[in-house]
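Q: Under our numbering, read the sequence shown as residues 1 to 173, first letter to last.
Next up is a structure, given as structure tokens.
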Amino acid sequence: MTPITWRRAAADDAPALSILGGATFLTSFAHDHPGAALTAHIRTAHSEAYYAAALADPAQTVLIGETPLGAAVGYAMITPPDLPIATDPARDVELKRVYLLHGWQGGGHGDRIMALVVEEAQRRGARRLLLAVYPQNDRARRFYARHGFGEIGELTFMVGDVPFRDLIYVRTL
């Protein structure tokens, strides 16, 4: 399997993150999300402007994974918590997104990015790492369980104008 080098994303990574974010979201959810809603969501939530703003915000960290030739194949976003549960912004962080293109799943790449996410959360002084996951994404749910996450709530996640139920998970650090 092609190796991945992980680094902190910089402002000039916004175009690559936009393409990667849209591609991974489409690949992950096209099987059961309506096409028009999926397209609308990708246009806004994975726009170049969205990633440029995230990269400019010192409260957010984006880690990007690249092949030896520099192709972006994975990423993770660590942000202040923005979930409908009680949180402590001084002690909680949210793993907003974590994705790998299908060809790079397995082989320990997911474990490596999760280790980097935990390192970043601990560097920030976080005591809890939170995330939201689609209940029908069994592979992701197994991955999170293997990494010590457990369910503590739920939320409504909008994809375009279509609501979906997500589960809120937490891992104590």
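Just so it is clear, CB atoms sit at the ideal spot from N, CA and C, and this is done for glycine as well.
Measure how close the beta-carbons of residue 54 and residue 20 come, nearest whole angstrom, since I'm counting them as under 8 angstroms.
A: Their Cβ separation, rounded to whole angstroms, is 13 angstroms, which puts residue 54 and residue 20 out of contact at 8 angstroms.
Q: Please state whether DSSP places residue 111 in a helix, a strand or coil.
A: helix
Q: Taking the Cβ atom as the reference point for each residue, do residue 92 and residue 49 lie within a distance shorter than 8 angstroms?
A: Contact check for residue 92 against residue 49 fails: the beta carbons are separated by 8 angstroms or more.
Q: With DSSP collapsed to three states, give me the class of residue 100.
A: Of the three classes helix, strand and coil, the one that applies to residue 100 here is strand, per DSSP.
Q: So, do the region 77–90 and the region 127–144 have three or more beta carbon pairs nearer to each other than 8 angstroms?
A: yes
Q: Please give me, in chain order, every unbroken run of the beta strand (DSSP E) with length at least 3 that falls completely inside the region 12–82.
A: 61–66 and 72–79
Q: Between residue 109 and residue 157, what straight-line distance do the alpha-carbon atoms span, to the nearest angstrom?
A: 27 angstroms
Q: Take residue 38 and list the residues in its own chain whose beta-carbon comes closer than 8 angstroms to its own, dropping the five residues that flank it on each side.
A: 25, 26, 29, 30, 159 and 160
Q: If you reduce the DSSP assignment to three classes, tell me which class residue 95 lands in.
A: strand
Q: For residue 116, does the three-state DSSP call read helix, strand or coil?
A: helix
Q: With residue 161 as the anchor, note down where its alpha helix (DSSP H) starts and where it stops.
A: Segment: none, residue 161 is in no alpha helix (DSSP H) and carries neither H nor E.
Q: Judging by CA-CA distance, which residue of 67, 59 and 22 is the nearest neighbour of residue 41?
A: 22
Q: Is it the case that the Cβ atoms of residue 167 and residue 116 are separated by a distance below 8 angstroms?
A: no
Q: Quick one: give me the first and last residue of the beta strand (DSSP E) that residue 180 is part of.
A: The chain is shown only over 1 to 173; residue 180 falls outside these bounds and no answer can be derived.
Q: When we look at the beta-carbon of residue 35 and count the other beta-carbons within 10 Å, is it buried (16 or more) or exposed?
A: Per the 10 Å Cβ criterion, exposed.
Q: Does the Cβ of residue 113 have 16 or more other Cβ atoms within 10 Å, making it buried, or fewer, making it exposed?
A: buried
Q: Does DSSP classify residue 157 as helix, strand or coil?
A: strand
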